[in-house]
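Protein chains: 2
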Amino acid sequence: MAGQHTIPESLSGISAFVAVVQAGSFTLAAERLGVTKSAVGKSINRLEERLGVKLLRRTTRRLQLTFDGEAYFQACASALDKIAEAEAQITPYDQVLRGRVHIDMPMAFGKRVLLPLLLELAAPHPELALTMSFNDATVDLMRDEADLAIRFGQLPDSSHLVARKLASQERLICGSPGYLQAHGVPMSLSDLNGHRCIVGTTHGPPQQWTVQERGHVMRITPPATHQLSDGESIVETALAGFGLCQMPVSLLRSHIEQGRLVPVLQAHSGVLVDVHMLWVRQATLAPRIRYVIDQLMAYAERGALG
Amino acid sequence: MAGQHTIPESLSGISAFVAVVQAGSFTLAAERLGVTKSAVGKSINRLEERLGVKLLRRTTRRLQLTFDGEAYFQACASALDKIAEAEAQITPYDQVLRGRVHIDMPMAFGKRVLLPLLLELAAPHPELALTMSFNDATVDLMRDEADLAIRFGQLPDSSHLVARKLASQERLICGSPGYLQAHGVPMSLSDLNGHRCIVGTTHGPPQQWTVQERGHVMRITPPATHQLSDGESIVETALAGFGLCQMPVSLLRSHIEQGRLVPVLQAHSGVLVDVHMLWVRQATLAPRIRYVIDQLMAYAERGALG
DNA sequence: ACCAATTGTGGACTTAATATCCACCAATTG
DNA sequence: CAATTGGTGGATATTAAGTCCACAATTGGT
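These protein sequence lines are chains A and B, in that order. Our numbering applies: residue 1 is where the first sequence begins, and numbers increase by one. Our numbering applies: residue 1001 is where the second sequence begins, and numbers increase by one.
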């Protein structure tokens, strides 16, 4: 975002300078930094020369900041402070990641897409244990129930949650060839009223479908022949020829490729729904959780969740 | 003030890291930093190794910050920004200081004490010209009248002025031997009522004297036989035997040492008055002014203004 | 008032960090 | 499918930084 002007010419000497001011003497500063006083002196000389001003007035017994030194010190000290704080917050990955991470996922997407990836990322760390729960409830406050949640669609925006987008999924409306032969292929959204539709339940996958008409995204309520609380079962039901369903493309792709399901109303689908990863905002996240987050982000970047 | 925890282990690699994130690629960052991409890569590897976490996910074509990298970058970028800003504010002393600096000083103190020092500090810089004006007015708003003012006593606290203490001066009450022989030596503060006193004027040196009684500092108004607007003339008048005066010790020392003036009421004097240097707060002070400030502070530190 | 201790400086040398140069691999693009 | 672009890694070179002295200056103790 910002240009390159935000990078100082060099940072060498700054540590020494701040240390000296804080210590009040070259000798003590040198001790704290674990170098000789000579080294400290030269560092500061170099810094002063680079900046073109004197920073410290040295009178053998007492150190005093010059006019410029004062201002420069204020800036540097608080800057270093900030960096030190950031470094302190970083808990290095243990050589061995250990412990348990609980991930809560949508039923179908979780089993089909995420589960193999999670097993793969955990494999190199024998002491890393995973708890994977499958849950299609759109709202899950994960009160100590999970470390990580993956959710489709719009998010409950609460300030104590962190959300990261993993991918965008297209939702498709489709039905089995047998069903479409028997009931006809819908050509417009209003045609849906003559169809059998398989939808979710109140606390499970959405009961409404998201579609677009001439670029406008809208939600419609199709005639709900069957209601199911489990996304995977919805697909199964559609496969068995009991009606149309709208589901993320990742759950349908293999079936479509093998001709067991046929997309319909393609002009009205193509609406993207985001997949997010959520976790509770906290000062320091356990390394094992950070690891899982990072790896999932890496998979997402590679398009493995598409 | 603060401990040594405020200094990060090392700053090396941080510039490179921030540059890479801002540039969005190793190659572009390397170009901006004026080094090879290899160097940048290694810098960041070292940094990651030191911190024990990966900061960047490198996928050959696209860079992405890791969880830790994100947090670390925020801290580092704003820290470097602050340092860069501080460095930008520093105008290096020109090799040759040039221009004019106007210093306004108390009459007597300025002529006796400051003038030689100012001439001395200006000597190495042939192109540095000084304007020195002498003024005993206690309040001087120096509206473009001077770059620097030196003042005794309490300050007009205005937020757009910067004040730096140069020294503490003792004020002594004294009279000439002749006067004291004629009028007697005062032994208590109340004795002053029977004496002839030489004081300042409303817009010149103080009309009141500052004394202490059993540790309490108080201001008294002595019977003002003569009023003079010029501190130096006050001393002259006392020397001539016309009464007692209270003046800073630096203006009296030589006279006392030579026996031309004798301190009285020593138990009640010894009240310190601070000497301050004042200038108008501004973002960037001209180097020549900063130089004069710094040098005067240096003299003060050495006790040359005592 | 002096001696001793402490503190910053500077020069010659040494060490260690860091950059370069090159070849290589991986991913994208026309 | 070459050609181009972007990151990595090893061997080598270079430069930056630190050490180790001896020294000068200042101060505190007795």
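Positions of the beta carbon are idealized from the N, C-alpha and C atoms, including for glycine. Please read these numbers as outputs of a predicted model, since none were measured by experiment.
Alpha helix (DSSP H) containing residue i: first to last residue?
i, result
"aspartate 1081/B", "1067 to 1089"
"leucine 1128/B", "First-last for leucine 1128/B: 1128 to 1134, but that is the beta strand (DSSP E), not the alpha helix (DSSP H)."
"glutamine 227/A", "Premise fails: glutamine 227/A lies in the beta strand (DSSP E), 224 to 227, not in any alpha helix (DSSP H)."
"arginine 183/A", "Looking at the sequence shown, residue 183/A is not arginine but histidine. Element bounds for histidine 183/A: 177 to 183."
"glutamate 1236/B", "1231 to 1239"
"arginine 302/A", "287 to 302"
"glycine 41/A", "37 to 51"
"serine 15/A", "14 to 23"
"glutamate 1031/B", "1026 to 1033"
Run the CB neighbour count on residue i, radius 10 Å, all protein chains shown included, and call it buried at 16 or more, exposed below.
i, result
"valine 1292/B", "buried"
"serine 303/A", "The identity of residue 303/A in the sequence shown is glycine, whereas the question assumes serine. Per the 10 Å Cβ criterion, exposed."
"histidine 1216/B", "exposed"
"glutamate 1335/B", "Because chain B spans 1001 through 1306 in this model, residue 1335/B falls outside it and cannot be assessed."
"alanine 1077/B", "buried"
"arginine 1062/B", "exposed"
"asparagine 193/A", "exposed"
"glutamine 1246/B", "buried"
"glutamine 266/A", "exposed"
"arginine 1219/B", "exposed"
"serine 169/A", "The amino acid occupying residue 169/A in the given sequence is glutamine; serine does not appear at that position. Result: buried."
"threonine 1066/B", "buried"
Distance, Cα to Cα, residue i vs residue j?
i, j, result
"arginine 58/A", "proline 1248/B", "29 Å"
"histidine 1160/B", "glutamine 1064/B", "46 Å"
"serine 190/A", "leucine 1080/B", "59 Å"
"threonine 1006/B", "glutamate 85/A", "8 Å"
"glutamate 257/A", "serine 158/A", "39 Å"
"leucine 1155/B", "arginine 1164/B", "11 Å"
"proline 287/A", "arginine 112/A", "26 Å"
"alanine 167/A", "tryptophan 279/A", "16 Å"
"aspartate 68/A", "isoleucine 1090/B", "7 Å"
"glycine 1003/B", "phenylalanine 73/A", "Below a pLDDT of 50, predicted positions are generally treated as unreliable, and glycine 1003/B, at 44, falls in that range; the measurement from the model is reported next regardless. Each residue's alpha carbon lies about 15 Å from the other."
"threonine 1201/B", "arginine 1100/B", "31 Å"
"alanine 19/A", "methionine 1297/B", "23 Å"
"alanine 129/A", "glutamate 301/A", "24 Å"
"serine 1038/B", "glycine 153/A", "42 Å"
"valine 1096/B", "glutamine 1207/B", "44 Å"
"threonine 1131/B", "serine 1250/B", "23 Å"
"arginine 1196/B", "phenylalanine 1242/B", "7 Å"
"phenylalanine 1026/B", "arginine 1032/B", "10 Å"
"leucine 1295/B", "isoleucine 1289/B", "The amino acid at residue 1295/B is misidentified as leucine; the sequence shows glutamine. Straight-line Cα distance between these residues: approximately 10 Å."
"histidine 276/A", "proline 1008/B", "35 Å"
"proline 255/A", "arginine 171/A", "The residue asked about is misnamed: residue 255/A is histidine in this sequence, not proline. Roughly 14 Å separates the two Cα atoms."
"glutamate 213/A", "glutamate 127/A", "51 Å"
"glycine 34/A", "alanine 16/A", "11 Å"
"valine 1211/B", "proline 1263/B", "13 Å"
"glutamine 1186/B", "alanine 1088/B", "As written in the sequence, residue 1186/B is proline, which differs from the glutamine given in the question. Distance between the alpha carbons of proline 1186/B and alanine 1088/B: 60 Å."
"threonine 1237/B", "isoleucine 1198/B", "8 Å"
"methionine 1001/B", "alanine 23/A", "With a pLDDT of 42 at methionine 1001/B, under the threshold of 50, the modelled position of that residue is not reliable, and no figure is offered here."
Under the criterion of a Cβ to heavy atom distance below 6 Å, does residue i qualify as lining the ligand FAD?
i, result
"glycine 184/A", "Questions concerning the ligand FAD fall outside what the structure shown contains, since it holds no ligand whatsoever."
In terms of residues, what are the limits of the beta strand (DSSP E) holding residue i?
i, result
"alanine 149/A", "148 to 152"
"leucine 1272/B", "1272 to 1280"
"threonine 1210/B", "1209 to 1213"
"isoleucine 1220/B", "1216 to 1220"
"threonine 1059/B", "1056 to 1059"
"valine 1101/B", "1099 to 1105"
"proline 206/A", "Premise fails: proline 206/A is in no beta strand (DSSP E) and is neither H nor E."
"isoleucine 198/A", "197 to 199"
"leucine 115/A", "Run containing leucine 115/A: none in the beta strand (DSSP E); it sits in the alpha helix (DSSP H), 115 to 122."
"valine 262/A", "262 to 264"
"glutamine 246/A", "245 to 248"
Does the contact criterion of 3 or more C-beta pairs under 8 Å hold for the segment 173 to 184 of chain A versus the segment 146 to 158 of chain A? Taking 8 Å as the limit for Cβ pairs, the verdict is that the segment 146 to 158 of chain A does not touch the segment 173 to 184 of chain A.
Pairing CB atoms from the segment 275 to 283 of chain A with CB atoms from the segment 38 to 58 of chain A, are three or more of them under 8 Å? Using a C-beta cut-off of 8 Å, the segment 275 to 283 of chain A makes no contact with the segment 38 to 58 of chain A, since fewer than three inter-stretch Cβ pairs fall below that distance.
Members of the segment 1285 to 1301 of chain B near chain A, C-beta cut-off 8 Å: The residues in question are Leu1285, Arg1290, Ile1293, Asp1294, Met1297, Ala1298 and Glu1301.
Near-chain A residues of the segment 1071 to 1086 of chain B - C-beta to any C-beta below 8 Å: The residues in question are Ala1071, Tyr1072, Gln1074, Ala1075, Cys1076, Ala1077, Ser1078, Ala1079, Leu1080, Asp1081, Lys1082, Ile1083, Ala1084, Glu1085 and Ala1086.
Do three or more CB pairs link the segment 1110 to 1122 of chain B to the segment 114 to 124 of chain A at distances below 8 Å? The answer is no - the segment 114 to 124 of chain A does not touch the segment 1110 to 1122 of chain B, with fewer than three Cβ pairs under 8 Å.
Closer than 7 Å, Cβ to any Cβ of chain A: which residues of the segment 1089 to 1105 of chain B, in chain order? Answer set for the segment 1089 to 1105 of chain B: Gln1089, Ile1090, Pro1092 and Tyr1093.
Residues in the segment 210 to 238 of chain A with C-beta within 7 Å of chain B's C-beta atoms, listed in sequence order? Residues passing the 7 Å Cβ filter: none.
Taking any Cβ of chain B, which residues in the segment 8 to 24 of chain A have a Cβ under 9 Å from it, in chain order? Of all residues in the segment 8 to 24 of chain A, only Pro8, Glu9, Ser10, Leu11, Ser12, Ile14, Ser15, Val18, Ala19, Gln22 and Ala23 place a beta-carbon less than 9 Å from a beta-carbon of chain B.
Name the residues in the segment 1040 to 1068 of chain B whose C-beta lies less than 8 Å from a C-beta of chain A; which are they? Taking 8 Å as the Cβ-Cβ cut-off against chain A, the residues of the segment 1040 to 1068 of chain B that qualify are Leu1051, Gly1052, Val1053, Lys1054, Arg1057, Thr1059, Arg1062, Gln1064, Thr1066, Phe1067 and Asp1068.
Inter-stretch contact (C-beta, 8 Å, three-pair minimum) for the segment 103 to 111 of chain A and the segment 128 to 135 of chain A: Yes: the two stretches touch, three or more of their Cβ pairs being nearer than 8 Å.
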